[in-house]
Structures are given as structure tokens and as C-alpha cells.
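Here the structure is laid out as C-alpha cells; the discussion comes afterwards.
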Amino acid sequence: MSYVDNAQASYEHAIERVPEGVRVYLPILPVMSLVGVFILYPIAQAIYSSFFDKDLLSPAEAEFVGLANYAEIWTSETIHQVLWNTFVWVAVGSIAAIVLGFLMGWLLYEKLPFTSVASAIVLIPWVLPRVVGASIWQFMFGGSQGIINELLVQLGVIDEYIVMLGSTDLSLWPPIVGMIWRLAPLFALLTLTSLQGIDEHLYEAARMDGATPWEQFRYITLPMMRYNLAIGFLLMLIYNIRNFSMVWVMTKGGPGVSSSTLPVMIYRTAFVDFNVGLASALSMLLFVVLLVFSYYYIQVYDKVQGEF
Amino acid sequence: MTHLEVDGVTKVFGDPEKDGVVAVNDLSIDVPDGDFLVLLGPSGCGKTTTLRMIGGLEDPTEGEIRFDGTVVNDIKARNRDVAMVFQDFALYPHMTVRENLGFGLRREDNDMTDGEIDQRVTEVAEMLEIEELLNNKPAQLSGGQQQRVALGRAIIREPRLFLFDEPLANLDAQLRKTMRTEIDELQSQVGITSAYVTHNQEEAMTIADTIAILNDGKLQQLGTPDQVFNEPANLFVAQFVGSPDMNLYSGRVTDSGDDYAIETDDTSFEIPKALVETEIDTSDVLVGFRPQDLYQRAARLTEGPDVDAEVRVVEPVGTEAIVHAESESGDITAKIGGFHDLAAGDSLTFTIAPEHVYLFDAETEELIKGRLMAERAEDAPTNGVEV
Amino acid sequence: MATDTQDPKSEFRKNQSWLYDTQSGTYVRKSLIGLLTLVVFTYVLFPLYWMVVTAFKTTAEIQQIPPTVFPEDPSLQGFRMVVMSSLQTSGYDAFFEQSFGWEISSAIDIDILTLILNSLKVAVGAGLIALVLGTGAAYVLSQREFRGKNAIMSLLLASLMFPGTAIMVPEWELISTLGLFNTHLALILIYGAMTSPFVVWLMKGFFDDFPDSIVEASRIDQCTPFETFWYVLVPMARNSLIASFIFAFLLAWNELVFALTLLDNSKFTVPPGLLTFVQGFNTQWNVVAAASIIISLPVLAGLAYIQQYFVQGLTGGAVKG
Chain A
1 MSYVDNAQAS YEHAIERVPE GVRVYLPILP VMSLVGVFIL YPIAQAIYSS FFDKDLLSPA
61 EAEFVGLANY AEIWTSETIH QVLWNTFVWV AVGSIAAIVL GFLMGWLLYE KLPFTSVASA
121 IVLIPWVLPR VVGASIWQFM FGGSQGIINE LLVQLGVIDE YIVMLGSTDL SLWPPIVGMI
181 WRLAPLFALL TLTSLQGIDE HLYEAARMDG ATPWEQFRYI TLPMMRYNLA IGFLLMLIYN
241 IRNFSMVWVM TKGGPGVSSS TLPVMIYRTA FVDFNVGLAS ALSMLLFVVL LVFSYYYIQV
301 YDKVQGEF
Chain B
1 MTHLEVDGVT KVFGDPEKDG VVAVNDLSID VPDGDFLVLL GPSGCGKTTT LRMIGGLEDP
61 TEGEIRFDGT VVNDIKARNR DVAMVFQDFA LYPHMTVREN LGFGLRREDN DMTDGEIDQR
121 VTEVAEMLEI EELLNNKPAQ LSGGQQQRVA LGRAIIREPR LFLFDEPLAN LDAQLRKTMR
181 TEIDELQSQV GITSAYVTHN QEEAMTIADT IAILNDGKLQ QLGTPDQVFN EPANLFVAQF
241 VGSPDMNLYS GRVTDSGDDY AIETDDTSFE IPKALVETEI DTSDVLVGFR PQDLYQRAAR
301 LTEGPDVDAE VRVVEPVGTE AIVHAESESG DITAKIGGFH DLAAGDSLTF TIAPEHVYLF
361 DAETEELIKG RLMAERAEDA PTNGVEV
Chain C
1 MATDTQDPKS EFRKNQSWLY DTQSGTYVRK SLIGLLTLVV FTYVLFPLYW MVVTAFKTTA
61 EIQQIPPTVF PEDPSLQGFR MVVMSSLQTS GYDAFFEQSF GWEISSAIDI DILTLILNSL
121 KVAVGAGLIA LVLGTGAAYV LSQREFRGKN AIMSLLLASL MFPGTAIMVP EWELISTLGL
181 FNTHLALILI YGAMTSPFVV WLMKGFFDDF PDSIVEASRI DQCTPFETFW YVLVPMARNS
241 LIASFIFAFL LAWNELVFAL TLLDNSKFTV PPGLLTFVQG FNTQWNVVAA ASIIISLPVL
301 AGLAYIQQYF VQGLTGGAVK G
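Chains as they are written, first to last, in my numbering: chain A, 1 to 308; chain B, 1 to 387; chain C, 1 to 321.
Here it is as C-alpha cells:
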């Protein structure tokens, strides 16, 4: 132990030379610098690049163009189409994932046995590597051998197999179905956890007061879960709007931009068209939306922390 | 075997110059070798802080703590050779009972071999009757068993001091009583000087050799359980010790030669001067009756005061009953022993022997007259009052 | 129950009681719930089932129309081709041919072994960085009060939301500037930065709940600060530390955007590697499914271990039971 004591003594000695007020920040410094360099700095870089006409392959020849990239976002019909896609994606994807997830969570809590095993199985879609999940759905939606075509024919919805991933009218929807499949389990788990956190006695007290099952749900379950549900809702929005893999694997955003969302468009603009300036301006758009979501996330977070 | 001295110790949390909170204020306690000291007081009175300063977990802002005359202020907790039992037991959850018990021994520079440590662990486990649990983890034990392990971890090191921080607070009532007795027996068996923190006056009264009663960081009284009950230094101690609470009335005193005449809203009576240690030089006093000392007038006649009251609630407690009644000037609580047929609405008259009456100075709240034990009261006229 | 017809709620209650109090109501309710359960869980589980059965079908059966719900002729062909292909591209085929006389040849080109090794390297590196840096920061953030603490916590929380698509373009520029393009170090650093806030939140939760009295007990038991750390804190934190590591590991294992934009084919990790494979061989779905299963196994093993930490980890401890 004496060796350790000595090492520690000299360590303590070195530490003591740092002023008290600064010392406490030392252990935080490495994390903050890593996050600062690789996450926060790029955001600043994106702001800067968004004012330039910049080619990915020859960034040195960048030319200052002011707000031209933002003007393009404002006028380009293609980008408007992408933004509309993104809106539809986030709205439909989030709402469906929440409704389905809540239902799943409630069923797991209330109606199904083996809750912990069942919830682990339900969670698989969320933890499966993104590319794997997306590949499965690509296969299932695929034109020639897809099981979904077969299912729709069996159900009488369609008469013969149709090409879904390659259709301008339909291609947005299969990735949304895949995304709901990936996100709903997450919301289910949040729901389950919150339900498990509610004291049984509250329900017993409510039953004594003559509350019907619906009233118990309305006046006990929902209010008790409100912050957890708000967190889940924001997470759904965030995961949906920043999703890249589900679309990219299934359709690459095509045909045309019919299934492109904002992240896919950013990727295509930067790494297919090499237009870094426009891609940065689009990134700023995504960033601002994420910032708003994150702001509310932190607000709700603080409320939750305050409650416990 | 340690003579513990706490000498003029003050502890201020935060900045003493600005908004510091004084947790312990100029506290001095002398604990002779082998004594069982209980620090008693309401929460926030500084008792736990005092214990932690003795253990070395907090540094005193001022004053000295001495073990056998040596100042230990600058000695770290791990070098003080004290053992502590925590309120939440603080067993290491990742270690078995055996490892928990042996952990302290392995840290010491005592050159014990593994075999010797193991043997010592077994001895202590047998002493506490937990030898069957040695290979279990704390989470597998009941509250009482965890408590025993925590005790074992303290005993095994044969430390200079035992410190107990509300060790029974997390146990149920039944277990609390058994463990209380066990701790008491164990301490007298090993004879190690101990300091014990509790807010439970009943626990303190049964277990202590010496009780130190604290309030707002200040020592109110240091004495034996009998002393703090019969001769509470002030109103705070009188109200804190004893259950049910003491009945209190404001009264006026007049000197009537051989006696002091006391008058309250309900009653008036006389106390022979021989029962009072000092001259009473104030007219406003607080008169205190312990519920245990009140009798029904019909049951026994004495020379003391009598209070007419109407029964509100009777709480039977086995062979006794606690009677809550209403007199002219307020509530009165009495503990009546033996047979009774009281019911709510009954009128009755309480009385009390003059030697059992407490008197406090209404202004300073200091004790003027304490409760004299019956035999001493008889001696009182000749010997004066000495307790 | 007193019914007051003025009260709209009581009207509702009456409507409700049909569902709950009568025989036919109960029947309707139960079948509705049963149907819902069936639909919902089919949606979740069928794709997983489909992946598994596809992996065990032959290439011929894959192409049948309509598809078969159960494999008619269960076969390990898919798995065999994945393994062979990997051995071939890694150059182990010669070794097997000489040692055992096995002939290995495959038309499929996916070197899953190298992909997995690359991913392991990146994921373990990022996990360790996040663990070491995150734990220290978490300890201070939990135990001490200081100026800027809340701002730091919020910043870390927010930084969990941004990575991936919002910053892929500037990240590419940054990595090029640093001369780290097409290196695994770049991914290790970025994933470390993405996951350490995660670890901070998870470990902070652990330290917040850690009872002070245990540390004090160890001081009374004559431990030096180092002994307290090593014999008491670390063993007790073990589960949280492992969970933190697995979270960081899984993120790095699954991440596609940065791996795709910052690496070449030669350095690919599993996600971009599988993506390239899927897009190149999308008729050989049994091979794709087999490869998918192989690379999903570590994730499922990890999930089983950290399930109890999952909600806390995902939400930075915001959602508690």
C-alpha cells in the first residue's frame, strides 16, 4: 500500500496547487473538450459554411455568397417537396409510434404475462442495428418477392403485386412504416416504466371513490405519466426528424426526391452533388428544429428531476 | 478503553463570517472510560454532527476532541480507531457478511493472518448469532440481521470507541426493543466507551449511563437518566423527556412563611420550603405535573393541589390508562394505574403530591424545583434537597 | 352509485358500465383487446421472424412467388456463404485448403470478419473513452456544487440530440482538416464524444443514489481514499459501469452516418459494410439475412444484460419508474 500512498500523495500535492475554484472543473474538462470539438464546433462550422458556395472536393475554392444558399432553400421546389416529406414523416411517424407504443406498453403492463421477458423481446426492433432493421423492411416491401405485396393481395387490398419502393407516389410510406416499427417499442418501454412507477394504492383509493376504469385512467394514470409521456413525445420527434438510415437503406430517398427527408437531402447534397454550402444551410435548418425540440426536452427533464 | 472529552466544540456549516449555520455551539462533554453516553435531542439539534466530529467524519470549527487526553482533531477518521454503526447500517452491498465483518481487520496494520481474521469473524458471528448468515449478501438479510452485522463490524475491531448513529431508527418497534437490550448488554460486556445518538427519549432513558440533551446545538443538560427525568435543567428537557408529555400551567408564587403558596387558574396549594432547594425570588412560575404522578382524588388523599376536570378520552394501555381530560384552564393528561372505570364525560378530581410538582421560572424557563423521589422527600426536611 | 342526470359524467359512466358490467360487454372488451394484442405484436415480431426464416431458406426458395411462410427446405446455405466469403476475402481460404483440403469459393463478396473486427475496434475504443471520461465528470457533477453546473448538464443533454445527420457535413470538413479522414481514430473520437454525455447522465444517477454512509463506513473501517475507491466504489458501481460501456458500445456498433461518410470501403465498420452488401446483392436475401443475424447477435446479448438500465440510459435518467 505504501507505493499507492506515495503515488496518491504526490497526486494530491499536484492537485492542491490548482486553485480550489478551478479544481472542480478538471474532471469535466476532458468530456467537455471532446464534445466541444466533435459536436459543438461542427455546428459553428456549419453556420460558417452555409454562407459559401463550396465544393466538397475542392473546399479551398470556396466563395462567399451571403444568403444565397438560404435563398435557394426558400425558392427551390425540390427542397419544398423534401420539407413537406419531412413534415409528413415526423407527424405521421411520431403520432403512430406514440399511439402504438402506448398501446403496447399498456398491454405489456396490464394484459400480458412475463412482462420483463416480453418487454425485452419487444425492444429488439429498437436495438437491432439500424441497417439490419431497414434491410428487413426493404426485403419485405420489395417488388418481386415482398411478403407485404402478398399480404395485401391476400387481404384483397390490391389485385396484383405493385412496386412500392420505386413508385413516386408510394415510396415515402414504406420507410415510415419501418420507422414506426423501430420507434414504437421504445415508446412502449417508456410507457411500461411509467406505469410500473405508479403506486397501486392510488388505483385502490380511486376504486373506493367509485371511479370506473376509464376514470382511473383519465384522472390517475395520465396525470401521473404526463412528464414521462412528454419526454417520450419529444424523443419520438427527435429520432424521427434526424433519421437517415431507414430511408437511405430502403429507397435512397428516391425515386427523385419522393421519399427524401431533410437528413437524406443533406447527405445527397453534400456527398452526391458535393454542394457543401447548400448542405450546410440545410443542416442549419435541421439544427434549429432539433434545438427547439432539445430546449423543450431539457425543460421537461428539469421538471421531472424536480418532482423526484 | 478510552476517556473521551469533547471540549468547547463548535461546528459551523458554511461560511462562519456570513450565512454559516451553527450546528453545534460550544459543547463540552466528558465521558469516562467505559461509559455509555447518549446524545439526545430533536432532529437538527446537532447530536449527529457531534457524533460525526468524534468519529472524524466532520472537522470541528472550534474546540478540541480528546481521546485519553490526546487531541485527535487532526487525526483522520481511518486512524482514530473508532467503530461506527450507521442508521442505514451502511453494509457493503457487494460483500458477503463474512467479508463485511473482516473488511476492517484487513485494513489495519495489525499483522493478522487470514486464518486469525477468519477465526475472529467466526467468534463475533457466534456472539451475535449470525454464523449461519456468513456467506449471504446484505440484501438477503432482514433488517434485524443487517443490524447485527453492522454491530459485528463495529465489535470485531475492538476499537477505542463505539459510535452509534440512530442505529435502531430503521427497525420495527418490536425489534427495536430487543436490539436495544442487546446493544446495552453487548456494551457492558466489552466495556468499550460508547456514544449513541437518538431522538427517542425512551430509548435514551433505557440504554444510557449518561444522557446529554441537546437543543439548537447547545447542551441543555448532562446527567443520568434519573437526573434528567427528575431534575430537568430547564423546561425544554422536562418537555422532551418523559411520556406522555408533562402538564404545564402558569402560576404565581407567594411566600407564606414555612411554605410557598402556589396559585394557578385551576387550583392553589402549598409546597413546604424544605422541598425547595433555593429561595424563590420570582412570582411568575410554570407548574409542571408528570402524568404518572397524578392521582384520582378518590383513590388517594394527599396534601397536594387538586384539579377538577372532565374526561374526554381514555386510552387503555394494558394495566394502565392514559386519561385526557379538560380542566378549567386547559387540557390535563394523567396516567392512571390499576383498576378504573372512567369514561368520557365523567368528572373527576386529580391530585398530586407536593414533592412531585415541578416548578420552572416563567421567564428563564430554568428549573426551580424538581421531582423528589418519595423516600428522599421524606428525608427532605432534615437533609435539605440533594440528588 | 347515485346517478345525477344533470351530470354529463354520469351519463358517460352509464355508457361505460355496459362494457364493464354485462356479460356481452365483457365479451366485446376481451375480444377487442385480444385482437389489438395480436395486430400490434405481429407488427413488431413478424419482421424479426421473417429475417430468421429467410436466413434459413435456400437461394431458390427466396425467389419463389408467392413467398413461403415456413422454409420448405431449411438450409444453412446463407450462413455458409457469409462465412466462406469472409474467409476468402481475408485470405484464409488457402490455409483451409492446405490444412484440411477444404475448397472455399464464394461468389458473394462480404468480408464480415473484417467488418466485425473494425466495428469492435471502434466500439471498444469509443466505449472506453466514454467510460473513463464520463465517470470522472459524473462524479463531480453529482457530488459537488459549482458555478455553471446546470449549464454544463444542459449542454451535455442537448449534445445527445444533435449528432448524426445535423452535423455530418461539418464533421466531414473537421475530420478532413484534422487529417483523420478514413481512420478508425476519427470514429472512435466522434463516437466517444457522442456517448460520453450518455455515460455522464447514467453514472451521475448512480452517484446521486450512492449512500454517503457507505463511504463513511469505509473511512471508519480505516480505508485510505484509494482503498475506498477501489474496494467499495468500483465494485458497487460495477453494474452501472458495465451498462454504460454497453450503451456506448452499441451506439458505436450501430452508427451509420459517420461511418458511411468518413470511411472508405477498405475501413468500413459493420453498418456501412452491410449497407453496401445489401445494395450490391439484393437478390441473395438469405445471405443478407444470415449476415444480419450474425451482426445482430452482440446487440441482443448486450440488450439482455442492460435491459433494466435501458429507459434510464435512453432518456438520460429523465424517465424513472
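A virtual CB, placed ideally from N, CA and C, is assigned to each residue, including glycine.
Cβ distance (whole Å) where residue i is taken to contact residue j below 8 Å
i: Val127/A; j: Val278/C; result: About 19 Å; that fails the 8 Å criterion.
i: Phe36/B; j: Asp265/B; result: Not a contact, Cβ separation roughly 42 Å.
i: Ala130/C; j: Thr195/C; result: 4 Å
i: Glu320/B; j: Glu310/B; result: The Cβ separation is near 20 Å, so there is no contact.
i: Leu291/A; j: Ile266/A; result: That pair is no contact at about 16 Å.
i: Thr282/B; j: Glu363/B; result: 7 Å
Residue-level contact to chain C via CB, residue i, 7 Å cutoff
i: Leu83/A; result: no
i: Ser280/A; result: yes
i: Arg300/B; result: Because the pLDDT at Arg300/B is just 49, under 50, the model does not fix this residue reliably, and the value given afterwards should be weighed accordingly. It does not: the Cβ of Arg300/B has no partner Cβ on chain C nearer than 7 Å.
i: Val31/A; result: yes
i: Ile198/A; result: no
i: Pro175/A; result: no
i: Gln216/A; result: no
i: Gln299/A; result: no
i: Arg130/A; result: yes
i: Phe103/B; result: yes
Nearest residue (CA-CA) to residue i, options the options
i: Ile190/C; options: Leu256/C, Glu227/C, Val234/C and Met236/C; result: Leu256/C
i: Pro129/A; options: Pro298/C, Ser75/C and Thr89/C; result: Pro298/C
i: Ser294/A; options: Tyr203/A, Ala62/A, Met236/A and Val257/A; result: Met236/A
i: Phe198/C; options: Ile295/C, Ser176/C, Ser218/C and Met161/C; result: Met161/C
i: Arg290/B; options: Thr49/B, Glu182/B, Val237/B and Leu27/B; result: Val237/B
i: Glu171/C; options: Tyr296/A, Val304/A, Asp199/A and Ser49/A; result: Ser49/A
i: Phe287/A; options: Val272/A, Gly277/A and Leu262/A; result: Leu262/A
i: Ala252/C; options: Ala193/C, Asp209/C and Gly136/C; result: Ala193/C
i: Leu133/B; options: Thr48/B, Asp284/B, Glu99/B and Leu175/B; result: Glu99/B
Residue i burial status per 10 Å Cβ neighbour count (16 or more: buried)
i: Ile188/C; result: buried
i: Leu372/B; result: buried
i: Tyr27/C; result: exposed
i: Arg300/B; result: Any reading at Arg300/B needs caution, since the residue's pLDDT is 49, under 50, leaving its predicted position unreliable; the model's value is listed next. By the neighbour-count rule (16 or more Cβ atoms within 10 Å), Arg300/B is not buried but exposed.
i: His201/A; result: exposed
i: Trp201/C; result: buried
i: Pro163/C; result: buried
i: His80/A; result: exposed
i: Ile158/A; result: exposed
i: Gly242/B; result: buried
i: Pro223/A; result: exposed
i: Ile65/C; result: exposed
i: Leu274/C; result: buried
i: Trp181/A; result: buried
Interface flag, residue i vs chain A, CB-CB below 7 Å
i: Leu48/C; result: yes
i: Leu189/C; result: yes
i: Pro211/C; result: no
i: Ile112/C; result: no
i: Leu275/C; result: yes
i: Pro235/C; result: no
i: Glu61/C; result: no
i: Phe258/C; result: no
Short CB-CB distance (under 7 Å) between residue i and chain B
i: Ile220/C; result: yes
i: Ala2/C; result: Only weak support exists for where Ala2/C lies, its pLDDT of 43 falling under 50; the value from the coordinates is given anyway. Chain B contact via Cβ: absent.
- Query: Where are the alpha helix (DSSP H) runs, 4 residues long or more, that stay fully inside the stretch 81-127 of chain B, in chain order?
  - Reply: The stretch 81-127 of chain B contains these whole alpha helix (DSSP H) runs: 97-107 and 114-127.
- Message: Quick check for students: name the residue ranges of the alpha helix (DSSP H) that lie wholly in the stretch 118-172 of chain A, counting only runs of 4 or more.
- Response: Within the stretch 118-172 of chain A, the complete alpha helix (DSSP H) runs of at least 4 residues are 124-127, 130-141 and 147-155.
- Curious, which full-length alpha helix (DSSP H) runs of at least 4 residues does the stretch 133-166 of chain C contain? Complete alpha helix (DSSP H) runs here, min 4: 149-159.
- Going along the chain, which unbroken runs of the alpha helix (DSSP H) with 4 or more residues stay wholly within the stretch 126-175 of chain B? Restricted to the stretch 126-175 of chain B, the alpha helix (DSSP H) segments that are unbroken, complete and at least 4 residues in length are 143-155, listed in chain order.
- Query: Which ranges would you report for the beta strand (DSSP E) in the stretch 205-274 of chain A if only whole runs of at least 3 residues count?
  - Reply: Fully contained in the stretch 205-274 of chain A is no beta strand (DSSP E) run of length 3 or more.
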